[in-house]
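K.L.:
So the sequences go chain by chain: X and A. Letter by letter, the first sequence follows residues 1 to 191 in the working numbering. Letter by letter, the second sequence follows residues 1 to 191 in the working numbering. Glycine included, each C-beta is placed from N, C-alpha and C at the ideal position. Sending over a structure as structure tokens; questions will come in a sec.
There are 2 protein chains.
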Amino acid sequence: MKFCSQCGAGDLAWRVPEGDNRPRHVCGQCNQVFYQNPKIVVGSIPVWGDQILLCKRAIAPRYGYWTLPAGFMENAETTQEAAARETLEEAHAEVEILELYTLMNIPHTSQVYLMYRARLCNLDFSPGTESLECALYREDQIPWDRLAFPTITHTLRLFFEDRRQAKFGTHVGDIVYQDQAASFVLRRAKP
Amino acid sequence: MKFCSQCGAGDLAWRVPEGDNRPRHVCGQCNQVFYQNPKIVVGSIPVWGDQILLCKRAIAPRYGYWTLPAGFMENAETTQEAAARETLEEAHAEVEILELYTLMNIPHTSQVYLMYRARLCNLDFSPGTESLECALYREDQIPWDRLAFPTITHTLRLFFEDRRQAKFGTHVGDIVYQDQAASFVLRRAKP
Chain X
1 MKFCSQCGAG DLAWRVPEGD NRPRHVCGQC NQVFYQNPKI VVGSIPVWGD QILLCKRAIA
61 PRYGYWTLPA GFMENAETTQ EAAARETLEE AHAEVEILEL YTLMNIPHTS QVYLMYRARL
121 CNLDFSPGTE SLECALYRED QIPWDRLAFP TITHTLRLFF EDRRQAKFGT HVGDIVYQDQ
181 AASFVLRRAK P
Chain A
1 MKFCSQCGAG DLAWRVPEGD NRPRHVCGQC NQVFYQNPKI VVGSIPVWGD QILLCKRAIA
61 PRYGYWTLPA GFMENAETTQ EAAARETLEE AHAEVEILEL YTLMNIPHTS QVYLMYRARL
121 CNLDFSPGTE SLECALYRED QIPWDRLAFP TITHTLRLFF EDRRQAKFGT HVGDIVYQDQ
181 AASFVLRRAK P
């Protein structure tokens with residue numbers, strides 16, 4: 001951010017506004033304060049029998065790696081609508097969104113991931129513009145070393161564990177980066 | 001948004017960028033695209049025995065109305081840290097954050113509310129700068145007609161219902177505005 005989007009002035013300061021307790025971009029001319037807040041990434045776990053629908057990324061970051069359909073939530077939609085929309089966009093796949101499955105904090109990137117379990121409605125899927133290919137995988141076929149993000153790896157691990165016990169909860173935890181590796185710290189699991 | 005915050009140009013257009021499917025602010029000079037995304041509001045339900053800690057708002061909107069401690073999540077924190085921070089800021093109250101209790105979509109205002117159950121650690125609370133007063137309320141004392149937001153009303157209603165059955169789940173739903181009234185549509189309840 002280099003210019004004030006309200007008045008166009010070029011003297012933005014990074015300082016603590018009056019009455020606040022942390023630094024923000026503040027315009028030196030019109031005093032407008034610009035807040036930056038975490039973004040919500042929403043996605044689905046599309047299930048077809050014992051298989052899960054994955055998408056191979058056609059965009060950066062992690063081009064060529066596999067992911068569950070997920071993306072930034074848009075204004076004026078619900079998290080469930082966002083999950084269904086991302087699944088439609090990335091895999092042209094129609095899903096019925098079920099329960100919230102994981103909430104993962106990523107303070108490192110100021111993101112909150114929300115993944116919903118979902119029922120794939122039919123097999124009429126195909127790669128959207130952000131995917132190279134889409135395919136169904138059984139647990140023993142998941143390309144674990146070719147998954148795009150720790151959130152996807154941990155969501156899938158939890159999912160298969162829960163499925164063995166036929167009991168799905170809502171899992172809340174943090175993705176923590178340490179020594180250049182991302183580990184998942186489960187805060188609370190409700191089995 | 002009137003000026004480009006990257007190059008300072010004043011000719012921002014509201015149009016669908018190439019490869020996108022919805023209108024954004026796009027700079028006519030440098031082509032920078034500006035995304036606007038939903039904000040996360042995080043709060044806590046601070047419990048002390050059979051009482052809940054509420055705060056009377058000292059700020060707009062809903063000045064003078066009662067709320068659970070909650071506010072906009074900041075970058076680089078987890079949702080649990082945000083819930084504890086808001087409780088400390090608004091009520092100077094120390095809490096232990098427990099499980100995620102409600103996720104409420106408000107597409108109308110492009111917000112997602114996340115409320116955590118919490119244990120109030122001690123009685124050393126007092127109003128923060130955004131509160132006129134803070135007080136503990138039993139269920140039969142809650143000022144239902146003086147609550148600030150539908151999210152607060154519905155979170156408290158669910159909480160007391162669940163407490164009667166001594167069984168707390170994670171409730172996911174939407175706040176829907178219709179005919180100038182806000183109703184709560186529970187998507188999925190996991191009792």
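Where does A/Thr-170 fall in DSSP's three states?
P.N.:
Stepping through the second sequence from its first residue, residue 170 of chain A is reached at position 170. Three-state DSSP puts A/Thr-170 in coil, outside helix and strand.
K.L.:
Would you list, in sequence order, the uninterrupted alpha helix (DSSP H) runs of no fewer than 4 residues that lie entirely inside the stretch 44-82 of chain A?
P.N.:
Runs of the alpha helix (DSSP H) inside the stretch 44-82 of chain A: none found.
K.L.:
Nearest chain A C-beta to X/Asn-75 closer than 7 Å, yes or no?
P.N.:
Here the question's residue 75 of chain X lines up with position 75 in the first sequence. Interface residue, yes.
K.L.:
Based on the DSSP secondary-structure assignment, which residues constitute the bridge partners of X/Tyr-113?
P.N.:
By 1-based counting over the first sequence, the position of residue 113 of chain X is 113. Beta-bridge pairing links X/Tyr-113 to X/Val-41, X/Met-104.
K.L.:
When we look at the beta-carbon of X/Cys-55 and count the other beta-carbons within 10 Å, is it buried (16 or more) or exposed?
P.N.:
For the purposes of this step, residue 55 of chain X is identified with residue 55 of the first sequence, where counting begins at 1. Buried, because 16 or more other Cβ atoms sit within 10 Å of the Cβ of X/Cys-55.
K.L.:
Residues in the same chain with beta-carbon distance under 6 Å from X/Pro-143, minus the five sequence neighbours each way, listed in chain order, please.
P.N.:
Position 143 of the first sequence, counted from the start, is the residue given in the question as residue 143 of chain X. So the list reads Trp-66, once near-sequence residues are dropped.
K.L.:
Can you pull the chain A neighbours of X/Ile-45, defined as C-beta to C-beta under 9 Å?
P.N.:
In the first sequence, counting from the first residue as 1, residue 45 of chain X sits at position 45. Near X/Ile-45 there are no residues of chain A at all, since even the closest Cβ is about 15 Å away, more than 9 Å.
K.L.:
Quick check on the DSSP output: the beta strand (DSSP E) that includes X/Arg-22 runs from which residue to which?
P.N.:
Counted from its first residue, the first sequence places residue 22 of chain X at position 22. Premise fails: X/Arg-22 is in no beta strand (DSSP E) and is neither H nor E.
K.L.:
Helix, strand or coil for A/Phe-34 per DSSP?
P.N.:
By 1-based counting over the second sequence, the position of residue 34 of chain A is 34. Three-state result, A/Phe-34: strand.
K.L.:
Please look up how many angstroms separate the CB atoms of X/Asn-37 and A/Thr-78, rounded, as I've assumed it's under 8 Å.
P.N.:
One-based indexing of the first sequence puts residue 37 of chain X at position 37. One-based indexing of the second sequence puts residue 78 of chain A at position 78. In fact, because the Cβ distance is near 14 Å, the residues do not count as touching under 8 Å.
K.L.:
CA-CA distance, X/Phe-3 and A/Cys-7?
P.N.:
Mapped onto the first sequence, residue 3 of chain X falls at position 3. Mapped onto the second sequence, residue 7 of chain A falls at position 7. Rounded to whole angstroms, X/Phe-3 to A/Cys-7 spans 7 Å at the Cα level.
K.L.:
Quick check: the stretch 149-162 of chain X against the stretch 84-96 of chain X, are there 3 or more CB pairs under 8 Å?
P.N.:
Because the criterion of three Cβ pairs below 8 Å is not met, the stretch 149-162 of chain X and the stretch 84-96 of chain X do not touch.
K.L.:
Quick check: the Cα distance between A/Met-115 and A/Gln-29, rounded to an integer number of angstroms?
P.N.:
To locate residue 115 of chain A, count along the second sequence from 1; it is residue 115. To locate residue 29 of chain A, count along the second sequence from 1; it is residue 29. Cα-Cα distance, rounded: 42 Å.
K.L.:
Beta carbons nearer than 8 Å to chain A: which residues of the stretch 137-159 of chain X have them?
P.N.:
The stretch 137-159 of chain X vs chain A, Cβ under 8 Å: nothing.
K.L.:
Residues in the same chain with beta-carbon distance under 7 Å from A/His-25, minus the five sequence neighbours each way, listed in chain order, please.
P.N.:
Taking the first residue of the second sequence as position 1, residue 25 of chain A is located at position 25. Correct list, in chain order: Met-1, Leu-12, Trp-14, Phe-34.
K.L.:
Hey, is A/Asn-105's beta-carbon within less than 7 Å of any beta-carbon in chain X?
P.N.:
Along the second sequence, one-based indexing puts residue 105 of chain A at 105. Yes, its Cβ sits closer than 7 Å to a Cβ of chain X.
K.L.:
Looking only at its chain, what residues have a beta carbon closer than 7 Å to the beta carbon of A/Val-185, apart from the 5 residues adjacent to it on each side?
P.N.:
As a working mapping, residue 185 of chain A is identified with position 185 in the second sequence. Around A/Val-185: Gly-173, Asp-174, Val-176.
K.L.:
If we call anything under 7 Å between Cβ atoms a contact, is X/Leu-98 one with X/Arg-117?
P.N.:
To locate residue 98 of chain X, count along the first sequence from 1; it is residue 98. To locate residue 117 of chain X, count along the first sequence from 1; it is residue 117. Taking 7 Å as the Cβ cut-off, X/Leu-98 and X/Arg-117 qualify as a contacting pair.
K.L.:
Can you tell me which of the three DSSP states X/Leu-147 falls into?
P.N.:
Walking along the first sequence from the start, residue 147 of chain X turns up at place 147. It is a strand residue.
K.L.:
Using only alpha-carbon positions, find the residue among A/Ala-148, A/Asn-122, A/Cys-27, A/Asp-179 that is nearest to A/Arg-57.
P.N.:
The sequence position of residue 57 of chain A within the second sequence is 57, counting from 1. Nearest option by C-alpha distance: A/Ala-148.
K.L.:
Bridge partners for A/Ala-13 per DSSP, in chain order?
P.N.:
Start at 1 with the first residue of the second sequence, and residue 13 of chain A comes out as number 13. Partner(s): A/Val-26.
K.L.:
Are the CB atoms of A/Gln-111 and A/Val-16 within a distance shorter than 7 Å?
P.N.:
As a position in the second sequence, residue 16 of chain A is number 16, starting the count at 1. As a position in the second sequence, residue 111 of chain A is number 111, starting the count at 1. Cβ atoms of A/Val-16 and A/Gln-111: not closer than 7 Å.
K.L.:
Is A/Ser-44 near A/Ala-83, with beta carbons less than 7 Å apart?
P.N.:
Taking the second sequence and counting its residues from 1, the one referred to as residue 44 of chain A is at position 44. Taking the second sequence and counting its residues from 1, the one referred to as residue 83 of chain A is at position 83. In this structure, A/Ala-83 lies closer than 7 Å to A/Ser-44 by Cβ.
K.L.:
When burial is assigned at 16 or more other CB atoms within 10 Å of the CB, is A/Lys-39 buried or exposed?
P.N.:
Here the question's residue 39 of chain A lines up with position 39 in the second sequence. Counting Cβ neighbours within 10 Å, A/Lys-39 comes out buried, since at least 16 surround it.
K.L.:
Going by beta carbon distance, what residues of the same chain come within less than 6 Å of X/His-154, once the five residues before and after it are set aside?
P.N.:
As a position in the first sequence, residue 154 of chain X is number 154, starting the count at 1. Excluding sequence neighbours, X/His-154 sits near Phe-184.
K.L.:
When you check each C-beta in the stretch 12-36 of chain A against every C-beta of chain X, which residues fall closer than 9 Å?
P.N.:
Going along the stretch 12-36 of chain A in chain order, one finds Leu-12, Gly-19, Asn-21, Arg-22, His-25, Phe-34, Tyr-35, Gln-36 with a Cβ nearer than 9 Å to chain X.
K.L.:
Could you give the DSSP three-state label for X/Phe-184: helix, strand or coil?
P.N.:
One-based indexing of the first sequence puts residue 184 of chain X at position 184. In the structure shown, X/Phe-184 sits in a strand (DSSP, three-state: E or B).
K.L.:
Which value, in whole angstroms, describes the spacing of the CA atoms of X/Asn-122 and X/Phe-168?
P.N.:
Locating residue 122 of chain X in the first sequence gives position 122, counting from the first residue. Locating residue 168 of chain X in the first sequence gives position 168, counting from the first residue. C-alpha separation (whole angstroms): 23 Å.
K.L.:
For X/Met-1, return the contacting residues in chain A, with the cut-off set at a CB-CB distance below 9 Å.
P.N.:
For the purposes of this step, residue 1 of chain X is identified with residue 1 of the first sequence, where counting begins at 1. Ser-5, Gln-6, listed in chain order.
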